[in-house]
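All residue numbers for the sequence shown refer to our numbering, where the first residue is 233 and numbers rise by one.
Here a beta-carbon is modelled for each residue, glycine too, at the ideal position from N, C-alpha and C.
Structure first, then comments.
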Amino acid sequence: MLAEISTHEGVMKFELYFKQTPNTVASFAHLADSGFYKGLTFHRVIQGFMIQGGDPKGDGTGGPGYTIPDESSGSQKLDVGTLAMANAGPNTTGSQFFICQTPQPQLAGRYNVFGKMISGFDVLTRVEKGDPILDVKITEVK
Numbered sequence: 233m234l235a236e237i238s239t240h241e242g243v244m245k246f247e248l249y250f251k252q253t254p255n256t257v258a259s260f261a262h263l264a265d266s267g268f269y270k271g272l273t274f275h276r277v278i279q280g281f282m283i284q285g286g287d288p289k290g291d292g293t294g295g296p297g298y299t300i301p302d303e304s305s306g307s308q309k310l311d312v313g314t315l316a317m318a319n320a321g322p323n324t325t326g327s328q329f330f331i332c333q334t335p336q337p338q339l340a341g342r343y344n345v346f347g348k349m350i351s352g353f354d355v356l357t358r359v360e361k362g363d364p365i366l367d368v369k370i371t372e373v374k
């Protein structure tokens, strides 16, 4: 399964880890397919660290109205282009996601890592705080 996150800067494409994180991928795909992410912003951008989006309030406190359980393990590496769900503590994953701009080994085991970037690395470094998410599309790999 693949995800494409479209921005004014271009498109970032990700391979999603459905086998390892089925609930996380299913929730992300449901939100994407329903248009939830369209028009939301990257509300948190820390250059050299990560970009974060998916919050309907735009301030880091919003979500979809539900949470899903953690599917993380300490063995999940957070490298450049890692796609993971933000949270406010254990079992609080909702709609907010982040993408690592640099390796973040100190975050291993704390977040549901559910994908890796396969193209659009140049876009990742150009996204700025407040940039809109134009669309998130999910495609099946056949």
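| Query | Result |
| --- | --- |
| Same chain only: Cβ atoms within 6 Å of G313, ignoring 5 sequence neighbours per side | K348 and M349 |
| Top-ranked residue by Cα proximity to F268, from G362, G297 and L315 | G297 |
| Minimum C-alpha distance to N344 - residue among A235, I300 and I370 | I300 |
| Identified DSSP bridge partners for I278 | M282 |
| Reference F246, options G286, I331, V277 and D302, closest by Cα | I331 |
| The alpha helix (DSSP H) enclosing N255, as first and last residue numbers | P254 to D265 |
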